[in-house]
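*Asks:* Right, I'll just put the structure down here and ask away after.
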Amino acid sequence: MPTQGPDLKDLFDQIKREAGASSGGRPGTSASFVDNLAKWSRRALIVAIVVLVVALAACYWWFHPALNLGSPQVWTWLCGICLVVMLALAVAAARSIKHAPVLKKLMLLPGAVIAAFLVGLLLSQPFVPGNAERYATVLTTTDGDFATDIQQVDYADVPVIDRDSAILLGNRAMGSIPEYVSQFEIADTYSQINYQGRPVRVSPLAYADLFKWFSNRDAGIPAYVIVDMVTQEAEVVRLEQPILYSDSEPLMRNVDRHVQLSYPGYMFDQKSFELDDEGNPWWVYPVQRKTIGLFGGTTIARVVLVDACTGETQDFAVEECPTWVDRAYPADLLIEQYNWSGAYQGGWLNSWLGQEGVVRTTSGTNGELGYNYLAQGEDIYLYTGVSSVTADNSNVGFILVNQRTGDSRYYALAQGGATEDSAMASAEGQVQHLGYQATYPLLLNVAGQPTYFMALKDAAGLVKMYAMINVEQYQSVATGSTVEECQGAYLGMLASDGLLDEDEAEDASATREVTGTIARVAQAVIDGNSHFYVTLEGDATIYDFALPDLVGIVTYQAGEEISFRCVEKDDDLATVTVTELT
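Under our numbering, read the sequence shown as residues 140 to 721, first letter to last.
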């Protein structure tokens with residue numbers, strides 16, 4: 140009989156022997172790695188463990204994750220450590236045949252930790268029974284009445300610039316101080332707060348680079364920048380005691396590291412830079428609490444305040460934080476919480492299939508969240524529109540949320556209203572021949588009407604005009620070179636649309652008629668706009684005629700009679716704005 144060749148079993152055995160020979164006689168590379176570690180001397184293993192522990196300690200100090208089971212970053216570290224422990228147990232089992240069974244069973248413990256992470260992640264999901272209802276109630280929102288809840292607009296307190304314009308003004312103020320420009324720059328914080336009854340943006344200086352930090356670290360940061368969003372005045376405020384704790388500190392005085400190591404179990408949300416009533420700089424750190432599973436239902440439970448000059452910390456329950464604190468609840472978190480409520484108020488399944496009553500906040504520009512801030516009393520309110528997920532071309536209402544207390548109010552629009560981006564497009568279309576760009580709208584109460592107010596900026600980022608649009612009746616746009624002029628045009632538009640009668644429009648506009656003989660006329664250009672300043676005989680008031688809307692003033696000379704309407708005189712302002720030549 141002919142000799143039979145090797146069967147399949149012999150062939151596979153030969154392949155395994157050749158593979159084992161190529162890896163030093165062991166059947167696989169993973170086993171080879173463990174076996175190689177098992178051959179290390181005890182001293183080498185101890186040195187490796189010490190180096191690993193020191194490296195972990197150094198990483199903790201540098202990255203300072205919150206030591207809290209609700210922190211995803213901590214679980215990333217725990218899972219990594221568990222994998223290392225499993226490897227160490229595998230090495231120990233390979234070194235000791237006698238204890239190998241016990242060591243292999245111990246590998247179940249780090250495996251159980253990883254499994255706990257996966258279970259906690261699963262229990263945080265909204266599709267888990269009962270979770271959708273819990274997500275919907277993280278932020279409690281009540282219905283409000285706009286005309287009652289929101290104060291009538293006081294144009295002396297209306298912010299007329301946005302964050303980008305505040306940055307330009309801040310840089311301009313910074314450039315006037317040469318000794319600061321060479322060593323420092325302005326941090327990009329620019330938190331909006333209410334300071335002494337005025338809406339402002341504040342931001343600390345920062346070391347320009349690592350070498351500037353090394354040269355100035357002992358003296359600290361000498362000042363912060365404050366920009367008045369009404370008057371557009373920017374000031375570099377010099378401090379008697381310098382800021383020692385900031386983002387630009389890379390080591391021990393890094394404010395994030397300082398506060399996290401001081402409160403290792405706290406999970407901190409987005410911080411803000413604020414001023415107390417005396418103008419002292421503080422860092423405000425909201426403390427997160429997870430309410431659903433391990434990672435879901437984030438809310439704010441506490442607030443930690445850090446003195447930017449001394450590093451001293453104060454810990455408050457969110458209900459007890461000082462009234463000068465404006466931003467205990469970060470804007471992004473409030474938007475997320477309201478979207479949970481809008482999505483899951485009818486259950487998780489409805490959020491995907493029927494979507495009955497499902498709403499969400501309106502989107503902003505350039506892929507960012509769409510919201511703005513409204514100053515009321517001592518607090519800052521977050522404003523954003525609300526639209527249906529199935530028809531997002533109009534707003535069904537809007538919300539205002541107090542960023543200090545988390546109190547949320549919803550205001551329905553009976554007839555629907557313009558979205559913020561469509562209002563911006565309408566305002567830009569009104570001045571398309573000038574090429575101005577609209578800022579994100581601010582919500583105002585003008586004569587009881589919810590009104591979008593926005594600034595119109597040129598290509599250099601300078602504010603040139605203003606626009607007002609009624610949220611519900613958004614077909615018409617009122618513009619003006621000054622806020623008062625824009626207001627007058629807007630109130631006239633409301634009256635013509637039947638939303639106000641003539642008497643209400645005149646009362647709301649708070650203007651008066653002036654007649655007299657011109658004593659003197661002077662011309663000036665402010666921020667690229669021409670203004671004529673007029674005084675009358677027997678009247679010390681300076682009247683401001685802004686061009687081009689009041690271009691008729693160029694035909695008047697000293698000694699001629701003139702009649703016009705202007706806003707009521709404000710003792711805090713040097714001039715009075717004229718709204719109409721009569």
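For every residue, glycine included, the Cβ atom is placed at its ideal position computed from N, Cα and C.
Is E109 near T718, with beta carbons less than 7 Å apart?
*Replies:* The structure shown has nothing for residue 109, since the chain only spans 140 to 721.
*Asks:* Just to confirm the assignment, what range does the beta strand (DSSP E) spanning D636 have?
*Replies:* Premise fails: D636 is in no beta strand (DSSP E) and is neither H nor E.
*Asks:* Identify, in the order they occur along the chain, each residue of the same chain with its Cβ nearer than 7 Å to the Cβ of Q569, setting aside the five sequence neighbours on each side.
*Replies:* A606, V616 and T618, listed in sequence order.
*Asks:* Taking the beta strand (DSSP E) that T452 falls in, what are its first and last residues?
*Replies:* T452 to A456 is the extent of the beta strand (DSSP E) around T452.
*Asks:* Hey, out of S235, R234 and T215, whose CA is closest to L257's CA?
*Replies:* Cα-wise, what sits closest to L257 is T215.
*Asks:* Go ahead and pull the three-state DSSP assignment for D282.
*Replies:* Three-state DSSP puts D282 in a strand.
*Asks:* If you count every other CB in all the chains shown that lies within 10 Å of the CB of V664, and 16 or more means buried, which is it?
*Replies:* It is exposed - the Cβ of V664 has fewer than 16 other Cβ atoms within 10 Å.
*Asks:* Tell whether a beta-carbon distance below 7 Å holds between Y402 and R392.
*Replies:* No.
*Asks:* State the Cα-Cα distance for the pair V690 and I538, rounded to the nearest angstrom.
*Replies:* Taking the straight line joining both Cα atoms gives about 41 Å.
*Asks:* Could you compute how far the alpha carbon of S169 sits from the alpha carbon of V230?
*Replies:* Low per-residue confidence applies at S169: pLDDT is 45, beneath 50, and the placement is therefore not dependable, though the value from the model is reported in the following sentence. Those two C-alpha atoms are separated by around 11 Å.
*Asks:* Relative to the alpha-carbon of P580, which residue among A586, V660, A594 and Q571 has its alpha-carbon at the smallest distance?
*Replies:* The candidate whose alpha carbon is nearest that of P580 is A594.
*Asks:* Assign T621 to one of three DSSP states: helix, strand, or coil.
*Replies:* Coil.
*Asks:* Where does T276 fall in DSSP's three states?
*Replies:* Coil, per DSSP.
*Asks:* Do you know how far the Cα of S210 is from the Cα of Y85?
*Replies:* What the structure shows of the chain is the stretch from 140 to 721, and residue 85 is not part of that stretch, so it cannot be assessed.
*Asks:* Taking Cβ to Cβ, would you say P343 is nearer than 7 Å to A326?
*Replies:* Yes. Within cutoff.
*Asks:* Where S315 and V375 are concerned, what is the direct C-alpha to C-alpha distance, given to the nearest angstrom?
*Replies:* The straight-line gap from Cα to Cα measures roughly 9 Å.
*Asks:* Quick check on the burial criterion: 16 or more other C-beta atoms within 10 angstroms. Buried or exposed for S354?
*Replies:* Under this definition S354 is an exposed residue.
*Asks:* Bridge partners of V445, per DSSP?
*Replies:* Answer is W422 and T452.
*Asks:* Can you tell me where the beta strand (DSSP E) holding E413 begins and where it ends?
*Replies:* Unbroken beta strand (DSSP E) run through E413: S411 to L414.
*Asks:* How should P240 be labelled, buried or exposed, when 16 other C-beta atoms within 10 angstroms of its C-beta is the threshold for buried?
*Replies:* Exposed.
*Asks:* Return the residue from the list T544, T504 and S533 that minimises the CA-CA distance to E458.
*Replies:* Selected option, being the one with the closest Cα: T544.
*Asks:* Can you give me the C-alpha to C-alpha distance between A275 and N584, rounded to a whole angstrom?
*Replies:* In a straight line, the C-alpha of A275 is about 29 Å away from that of N584.
*Asks:* Going by Cα to Cα distance, which pick from I681, E676, Q662 and T654 is closest to F703?
*Replies:* Comparing Cα-Cα distances from F703 to each of I681, E676, Q662 and T654, the minimum goes to T654.
*Asks:* Determine the direct distance from the alpha carbon of D386 to that of A347, and round the result to whole angstroms.
*Replies:* Distance between the alpha carbons of A347 and D386 is about 12 Å.
*Asks:* Using a 10 Å radius around the Cβ and a threshold of 16 neighbouring Cβ atoms, would you call P268 buried or exposed?
*Replies:* That one is exposed.
*Asks:* Three or more beta-carbon pairs under 8 Å between the stretch 233-247 and the stretch 425-440, yes or no?
*Replies:* No: fewer than three Cβ pairs fall under 8 Å.
*Asks:* Tell me, please, which residues DSSP counts as bridged to G556.
*Replies:* In DSSP, G556 forms a bridge with N534.
*Asks:* Who are the near neighbours of G167 in its chain, counting only those whose CB is closer than 6 Å to its CB and skipping five residues on each side?
*Replies:* Low local confidence applies: a pLDDT of 44 at G167 is under 50, so the model's placement there is unreliable, with the coordinate-based value given in what follows. Excluding positions up to five away in sequence, the list is empty.
*Asks:* For the 8 Å Cβ check, are there 3 or more pairs between the stretch 553-570 and the stretch 491-508?
*Replies:* Enough Cβ pairs lie closer than 8 Å, so yes.
*Asks:* Out of A227, T714 and P265, which one is the CA nearest neighbour of L488?
*Replies:* Of A227, T714 and P265, the residue nearest in Cα terms is P265.
*Asks:* Can you look up M368 in the DSSP assignment and give me helix, strand or coil?
*Replies:* Coil.
*Asks:* Would you give the residue range spanned by the alpha helix (DSSP H) that S401 belongs to?
*Replies:* V394 to S401 is the extent of the alpha helix (DSSP H) around S401.
*Asks:* Quick check: W463 and D518, are their CB atoms within less than 7 Å of each other?
*Replies:* No, Cβ-Cβ distance for W463 and D518 is not below 7 Å.
*Asks:* Could you check what DSSP says for T680 in three-state terms: helix, strand or coil?
*Replies:* Note: T680 maps to strand in three-state DSSP.
*Asks:* Which residue or residues does DSSP assign as beta-bridge partners of G574?
*Replies:* Partner(s): none; G574 has no beta bridge.
*Asks:* In angstroms with no decimal places, state the Cα-to-Cα distance between A598 and N668.
*Replies:* Taking the straight line from one Cα to the other gives about 14 Å.
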